[in-house]
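Below you'll find the structure, written out as structure tokens, and then a few comments.
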């Protein structure tokens, strides 16, 4: 998968009630603007019917979401299918995650995201390679002594 010129401007994880559980911004914005954008987009996505397309044009961005839980904003020229694959790969990396895992182990979810995306660009597309990097350190590895690669 070629992600060289493909950049996510931000990524969110949220529940069906619209509560943000994870958010990572790759563009500088003030907190007030981030909250407003997050609120507007989550409400827009939750209002869409399940059979509707997972791509949405919003302002000068395209928004790609999957399963009403993870959402990623991209620039107009970026490919929606690559973004959908990025979301899918992140969900695979989280492996058997539930909302409570993200709430109580948020540092692991962010660590995995940081190993996978850097500056909004996928750094490694191989699930095996990312899991190996996650297993060698940081909160997802259970500290310095090693441990589980999943959130559970």
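In our numbering, the protein residues as written are 61 to 212.
Cβ atoms here follow ideal geometry from the backbone N, Cα and C, with glycine treated the same way.
Item to complete: Measure the alpha-carbon distance for residue 85 versus residue 179 and round it to whole angstroms.
Response: On the chain shown, position 25 is the one that residue 85 refers to. On the chain shown, position 119 is the one that residue 179 refers to. So the two alpha carbons sit approximately 9 angstroms from each other.
Discussion item. By the three-class DSSP mapping on this structure, what secondary structure does residue 152 have?
Written reply: Within the chain shown, the letter at position 92 stands for residue 152. Of the three classes helix, strand and coil, the one that applies to residue 152 here is helix, per DSSP.
Fill in: Other residues of its chain near residue 187: CB distance less than 8 angstroms, five sequence neighbours each side excluded
Mapped onto the chain shown, residue 187 falls at position 127. These residues qualify, in order along the chain: 149, 152 and 153.
Discussion item. Among 70, 95, 69 and 67, whose alpha-carbon lies nearest the alpha-carbon of residue 78?
Written reply: What you label residue 78 is simply residue 18 of the chain shown in a count that begins at 1. Comparing Cα positions, the closest option is 95.
Worksheet item: Which residue's Cα is closest to the Cα of residue 98: 195, 145, 136 and 70?
Response: To locate residue 98, count along the chain shown from 1; it is residue 38. Nearest C-alpha to residue 98: 70.
Worksheet entry | Bridge partner(s) assigned by DSSP for residue 125 | Start at 1 with the first residue of the chain shown, and residue 125 comes out as number 65. 131, per the DSSP bridge assignment.
Fill in: First through last residue of the beta strand (DSSP E) which encompasses residue 83
As a working mapping, residue 83 is identified with position 23 in the chain shown. Element bounds for residue 83: 80-85.
Worksheet entry | Close beta carbons around residue 173, own chain, < 8 angstroms, minus the five adjacent residues each side | Translated into positions along the chain shown, residue 173 becomes position 113. Result list for residue 173: 71, 82, 84 and 150, in chain order.
Item to complete: Measure the alpha-carbon distance for residue 166 versus residue 176 and round it to whole angstroms.
Response: Position 106 of the chain shown, counted from the start, is the residue given in the question as residue 166. Position 116 of the chain shown, counted from the start, is the residue given in the question as residue 176. Going by the C-alpha atoms only, they are around 15 angstroms apart.
Item to complete: Please state whether DSSP places residue 73 in a helix, a strand or coil.
Response: Counting from one through the chain shown, the residue named residue 73 turns up at place 13. If DSSP states are grouped into helix, strand and coil, residue 73 belongs with the strands.
Discussion item. So for residue 93, helix, strand or coil by DSSP?
Written reply: Along the chain shown, read from residue 1 onward, the residue named residue 93 stands at position 33. In this structure, residue 93 counts as helix in the three-state DSSP scheme.
Worksheet item: Would you call residue 162 buried or exposed, if buried means 16 or more other Cβ atoms sit within 10 Å of its Cβ?
Response: Indexing the chain shown from 1 puts residue 162 at position 102. Per the 10 Å Cβ criterion, buried.
Worksheet item: Comparing alpha-carbon positions, which option in 136, 170, 194 and 193 lies nearest residue 68?
Response: The count along the chain shown starts at 1 and reaches residue 68 at position 8. Checked all of 136, 170, 194 and 193; the closest Cα to residue 68 is 136.
Worksheet item: Run through DSSP, which three-state label would residue 169 get?
Response: In the chain shown, the residue the question calls residue 169 occupies position 109. Helix.
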